[in-house]
Structures are given as C-alpha cells and as structure tokens.
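**Q** My structure is below; once you've seen it, I'll send some questions.
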Amino acid sequence: MVSPLAVELTLGFLLLASFGPTAEEVKSALRVSGNTNEMIAKYVQIMTNLAGFDQSMTFNVANRIYANDRLELSGDSKNETLKMLRTEVEEIDMQESANVASAINKWVKDHTSGMVKDIVSPKRLNRDNSLMAVNGIYFKALWNHPFETKKGKFRLTAKKSKPIQMLKIDGLFKAGYFPTLNAKVIELPYYKSNLSMLIFLPDSIDGLSVLEENIAGLTAPQSYKKVSLELPKFKIQFAKDLVETLKQLSIKVLFTNLSDLRGFFTEKINARVNQFTHKIYMEVTESGEDTKVEMKYLVFVFLAASVSASFTDDYYQILAKEAPDENLISSPLSVEIVMAMLYMGAKGNTAKELQTALKLPEDRNEVANKYREFFTNLEGREKDAILELANRIYVNDQWKLVPAYNKIVADSFKAEAVPINMDKNAAANINSWVSGHTRNKITEIVSPDALDRAITILINAIYFKGQWKYKFEKARTHKQIFYTAKDKKVEVDMMNMESNFMANTFPDLDAKVIELPYRNSSLYMQIFLPNKIDGLSKLESQIGGFNRKLYKQPVILKIPKFKIESTKSLGSLLKQLGIKTMFGMGADLSGLISGRAQVSGGIQKAFVEVNEEGAEAAAVTAVVAVHICANCATPSRMSFIANHPFAYVIRDSETIFFQGHYVQP
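FYI, in mature numbering (1 follows the signal peptide of the UniProt record, and there is no 0) the residues of the sequence shown are -24 to -1, 1 to 641.
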C-alpha cells in the first residue's frame, strides 16, 4: 500500500528548493513543465478542497520541516508558498537527538489522533542532519452503506485458504468488468463524501501481478449494478525506503553528493537525501452499524551535510582502485585543505575545476567561513587524544603573495606564510617543520630537486594519536593467521578482546562494521570487514561516505596490530577528479601570487600505527607552484574476526581525518 499523494507532496516541496540537474530530474518525474507555479496552484487547490470536507469525515494533510538551527534558513523557506501549502518550519538543535526524536514523535502522534507513536528513534538521528521533512496524512471515514460480518475464507493460492472475518452486503453499487484484464471493479463510496474506494479483483487467484501491471489509467465504473459483495476485514502496515524506487523514476542526483538543494539555506551546503521512508497504516473494521476506515501516512526525508564528505568519497574511490593490493593510509581531508587554499587564489578555469571537484560554493566568502568554522571547532576539542592540523605556505623570497590572499588563508585556514630562500637548505627547512608537526613520523616531504623554480609550496600536516577507550591486553595478543587471499596466508600479531561495541552487520554490503572509540575523545576508528576474503574491492566501491548506523552489542573482536606508511603522487589522481588546468601553461593562480605560475605536482605522505594502546596517524600534503617559462616542462555476540583484508577510517561524527585499507602484513 502506498500514498502517491504523500510522496508527490514531499517531492514537490523538494523541487521548490532544488536547482540544476536535481530540479530537472524531480520536475521530469512529477511531469512539471516550465516553472513551478502550476504545481503550487495544484497543491494549494488540493489543500483547499481537503479542508472543506464534511465533519463526518476526517482528511488531514500536515507538513512540517525540522531544520538544523546551526544553519540559517533562506527567506524562501519561510515564504507565502509554504504557508499556502500548510507547511510549518521549526528550527531545532540536531545535536540533541533524543529531543529531536521526541518532538517529531509528538507531532506525529498529535496528527494521527494518537494512533501512531514512536515513529523515530534517536539512534536514527545525528547532528549531521541538516533538514528533515515530515509529511503526514490522516484519513477517517464511514462507509455509505453498513456491512454485516460473517466468517469466511480468503484464498491465498489455488490449494490454500485461510479463515477470516468477512464484511458482507447486498446492494446497488457502481461496478464493472474489464474483459481484457479478466478482472472486476467496484466503487465503495464514503458517507457524505465525494471520496470512494475502488477495489480491483482479478478472476484468477494468481492474476494480481498482471492486473497491477495494466491498472494504470483504468476509470471508475459508471453504471450501477446489484452486487452481492464480500470484503475481508483487513489491516495493512507498510514501510519502505523509496530511494531505489525513485531512482527507477530517474530521480538520481537527489541522492548523490551532486545534489543541489541550496534553496533551503542561505549558505550552499553539500546536502543530499539519505533516506526517503514511506510508512503507512490502514485498517478496515466494523463498529456497531458502521464500518470505519482509518488510514495514516507518514513520509520522512533526511538530508545531511558535512565539510568534506563529497570530496572524500570521490578521492578515496580512485585511490582504493589504484592500490587494491597495497596497504593504504591516506587523508583526503589533508588534500582537500591544500586544494581549497589553492582555490582561494585561483581564477578562470583553474578555479572552476577546483570548485567542481571540491564541491565548493562559488562565493569564496562562504568557503572561507566554512573552513574558519572547521578549524575553530578543532581547537581545544580533544582531551587525552592529540589531533593537530597545521598549514604553512612557503614563498620564494624573490616573490610575494597577493596581500588579500595572504590575509584570507591566515584568517580562515590558520595558514602561516613564510618567506624562504630557495637554496640547497630550503628542503631541509621545510622537512624540519613537517617532522615537528608529525612527531617525527614523517621526516621528508620535499627534495631539493622538487624545489627547482619553485615560487610557493602549500603544505598541510595532520597528526593524531589516541588511546583506545577499551585497551587490548598485551597478554592476549597472539600469533594468528591472516588471509591475504583465499589460497595465501601469513602469521600476524592478533589483538583480542570481548566487550560491548557499536557494531552492525550489513547484508547489502556483505560485511560487518565496528566502531572503536578513543579515550576522552570525539574520534573513533571504524573498521569495515567484508565477509569474503576477496570482498574488499567490492566493499570499498559500495561504502560511499563510510557512514553507517551502528548499535551497541557484545562483540568478540580480533584485529591485527599493523603499521602502514604510504607515499602517493597526486597529479594523476587529481586529474581524474577533473583538476587539470592548474598543471599546465593555462594555469591561473593570479589571486595567489603575482606573475604566471602553475602547479608542478603534489604529494601526500601518510603513516598509521595500530597496537594494543591505541592508534597513531599522520599525513602531509604538499603542492608546489612553479614559475612558467616558454621552455619549461609540465610536471547475537557478533564475531568480528579481522583475519583478512579490511578498510578503516579515523573520524568523528562530521569529518573523516584518515582512511585506508589493510591487505598485506
């Protein structure tokens, strides 16, 4: 059972805030041509008509928007259109998931006469939700003709039936027969209403599928016939996530990181629809001389946004495919920060490519504000754990940064600009700074040769060290087998523990996921373990965002101690993401430095170590811009046994700081 009206109203609301391909796909599915004024008029007319029904019938349609109070709603979100569509907007603190769930559940209960309760669990909500749209329809009516009740049988198959309570009546009804469909149809009117229920009955017991495939466009019967009607008392409860269904209707961009829903907020955020859940309850019963029909419909839409999720997904998908058989540690965040600093000084096609790849707004003030808030939130947040991000721009002392650029990266990215003499000691000085900001875990990021003709070097360093909230006992670490392939195995030091962890099994991924928290920290490590030894590549291609709902449960945990060091050249990878112009003669970095310059290359070095005490990780990304000249070259108790390749991330609720996979001890 579905309510096309409820789904259409929710999609219509999304359309009002959509732009670009997102809007075009929703328009096409809703068959809206031209502007949305006709659609709005249609929905307003529906609301007006529903409000005028006789008191003997109840038909309420209610819409409410719950918006994250950290984000400023645009004026359009509060305008007359929403009032005409009877849509209420409430700003709410999404960090208080229990309060948010309580508010939604109360609203739902109030708008379904107390029949539907506890529709949302706090576990399904988090501070990343930027907006939730709830559409509720409640319908209650009386039949125009009373029914009798008798015992009967409902035929499930040709050989199987089930005893049930049947509603029976003999009378005049609009009814008909469709020979081409081998089916009957009858219209059952409601008391003092222009609404009615149409029931389509195939002749054969197994004929429903064929009938439903051809039912679209069938009209209600026009002539009255004397009918002996028997109808089962029935109750239907139905819940379905409609994401895949809507994709089949060609609504696809809405559910990706390319979704453009900026009409909701004053700032452009990377908001996409994560869930589109349709929930319905319907019951047909008799009460005294009347039969009462009660229907409740609920539709939920969840949208979430974070600083770097979009770029992280794209970057890591390419990286993982390029290194399927290598141990991998990376920090997409580190790359993103350096690319964002470049974007702040780029112009023309160079800027456009960076903006598209990073999913950044065109307004650089919005970009600056986003990263300013990000770095401010990091300051002083961790207690026992150490999390440091540092940015530095080295500038050839024969050149100067554009003053406006110097100011904005210092303010928003906390990036210190340092003049440097590009002599033979320059590389040693840069590497010394990197070593200091990664606790000597990464000691060299540039070589003297890489600085030939260098104008400026942009560097981001991330360092993390945390102790497990639940430490592994060293005495329980033993040599055990790790399968690198179905027919290959090696011995590793396997850590063992039994405790309660946030974890879950995901049949759609054919994998398990566990969350290992750090002590007195908002950060944690998530491990994604495929069920099959050779299942990692497929798993990584499906994970998308590494963000899955987990639940606390007892777990038998075994994971290997491991250390990974990784060096990756970024040029080819960034070009696959569409960042190309900055590496060639057409590069325009004139907002960063006066004179012509191009990016000669980029490199990221990363390190991670996981042992009984906790984890330590570091990453450094460097991009070198060089002077352009005519002859220059262009450069039940869950068992979580991680004894085969797995993926991992170190993150908090909003941002992935490190991620990679472990395939080879």
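No residue lacks a Cβ here, since even glycine has one placed at the ideal position from N, Cα and C.
Given the structure is predicted, the values throughout are model-derived calculations rather than measurements.
Under 8 Å, do L318 and S306 count as touching if we go by C-beta distance?
**A** no
**Q** DSSP beta-bridge partners for E163?
**A** K150 and L174
**Q** What does the Cβ neighbour count give for K54, buried or exposed, with the cut at 16 atoms within 10 Å?
**A** Since pLDDT at K54 reaches only 48, below the 50 mark, its modelled position is unreliable, and the value read off the structure follows with that caveat. Per the 10 Å Cβ criterion, exposed.
**Q** Thinking C-alpha only, which one of E163, A573, H454 and Y459 is nearest P641?
**A** With distances taken between Cα atoms, P641 lies closest to Y459.
**Q** Return yes when the Cβ of V422 is within less than 8 Å of the Cβ of I433, no when it is not.
**A** yes
**Q** By Cβ distance below 7 Å, which residues in the same chain neighbour V229 in space, the five residues on each side in sequence not counted?
**A** Excluding residues within five positions, the ones whose Cβ falls inside 7 Å are P(-4), T(-3), E1 and S235.
**Q** Hey, N472 and K534: beta-carbon distance below 8 Å or not?
**A** Yes, the Cβ-Cβ distance between N472 and K534 is below 8 Å.
**Q** Is E516 buried or exposed, if buried means 16 or more other CB atoms sit within 10 Å of its CB?
**A** buried
**Q** Under the three-state reduction of DSSP, which class applies to T288: helix, strand or coil?
**A** helix
**Q** Which residues mark the beginning and the end of the alpha helix (DSSP H) in which G(-13) is found?
**A** First-last of the alpha helix (DSSP H) with G(-13): P(-21) to L(-9).
**Q** Buried or exposed: which applies to R7, given that a residue is buried once 16 or more other Cβ atoms fall within 10 Å of its Cβ?
**A** So R7 ends up on the exposed side.
**Q** What do you get for S497, buried or exposed, if any count of 16 or more other CB atoms within 10 angstroms of its CB means buried?
**A** buried
**Q** Pull up the DSSP beta-bridge partners for F482, would you.
**A** A487
**Q** Where H454 and A593 are concerned, what is the direct C-alpha to C-alpha distance, given to the nearest angstrom?
**A** 24 Å
**Q** Under 8 Å, with one C-beta from each stretch per pair, do the segment 485 to 496 and the segment 536 to 553 reach the 3-pair mark?
**A** Two segments are said to touch when three or more pairs of C-beta atoms, one from each, lie closer than 8 Å; by this definition the segment 485 to 496 does not touch the segment 536 to 553.
**Q** With the cut-off set at 8 Å, would you say I579 and L553 are in Cβ contact?
**A** no
**Q** Rounding to the nearest angstrom, what Cα-Cα distance links L(-9) and K216 in this structure?
**A** Those two C-alpha atoms are separated by around 24 Å.
**Q** Find out if the Cβ-Cβ distance for the pair I431, A573 is shorter than 8 Å.
**A** yes
**Q** Are the CB atoms of W444 and E585 within a distance shorter than 8 Å?
**A** no
**Q** Taking just the CA atoms, how far does K211 sit from A316?
**A** 55 Å
**Q** Determine, using beta carbons only, whether P621 and L512 come nearer to each other than 8 Å.
**A** yes
**Q** Return the CA-CA distance between F154 and T63, expressed in angstroms with no decimal places.
**A** 41 Å
**Q** Report the rounded CA-to-CA distance for N372 versus V596, giving the unit in angstroms.
**A** 20 Å
**Q** Considering Cα atoms alone, identify which of T133, A151, K209 and F123 is closest to Q141.
**A** K209
**Q** Ordered along the chain, which non-local residues of its own chain (more than five positions away) have a Cβ less than 6 Å from that of D69?
**A** D45
**Q** Using the C-alpha atoms, what's the distance from P139 back to K462?
**A** 53 Å
**Q** Let me know the secondary structure DSSP gives G264 once reduced to three states.
**A** Bear in mind that the predicted position of G264 carries a pLDDT of just 30, short of 50, making it unreliable; the figure below should be weighed with that in mind. Of the three classes helix, strand and coil, the one that applies to G264 here is coil, per DSSP.
**Q** Roughly how many angstroms separate the alpha carbons of Q21 and E14, rounded to a whole number?
**A** 11 Å
**Q** Per DSSP, what are the beta-bridge partners of K197 in this structure?
**A** Looking at the sequence itself, residue 197 is Pro, so the reference to Lys does not match. Answer by DSSP bridge pairing: none, since P197 is not bridged.
**Q** Is it right to say N39 is buried, meaning 16 or more other beta carbons lie within 10 angstroms of its own, or is it exposed?
**A** With 16 or more other CB atoms across the displayed protein chains lying within 10 angstroms of its CB, N39 is buried.
**Q** Roughly how many whole angstroms lie between the Cα atoms of F633 and P308?
**A** 7 Å
**Q** Could you tell me the boundaries of the beta strand (DSSP E) in which P379 lies?
**A** Careful: P379 lies outside any beta strand (DSSP E), inside the alpha helix (DSSP H) at P379 to S388.
**Q** For T63, which beta-bridge partners are listed by DSSP?
**A** N39
**Q** Have a look at E(-17) and K3 and give me their C-alpha separation to the nearest angstrom.
**A** Rounded to whole angstroms, E(-17) to K3 spans 11 Å at the Cα level.
**Q** Answer with buried or exposed for R452, where buried requires no fewer than 16 other C-beta atoms within 10 angstroms of its C-beta.
**A** exposed
**Q** Name the two residues that bound the continuous alpha helix (DSSP H) containing E588.
**A** For E588, there is no enclosing alpha helix (DSSP H), as DSSP marks it with neither H nor E.
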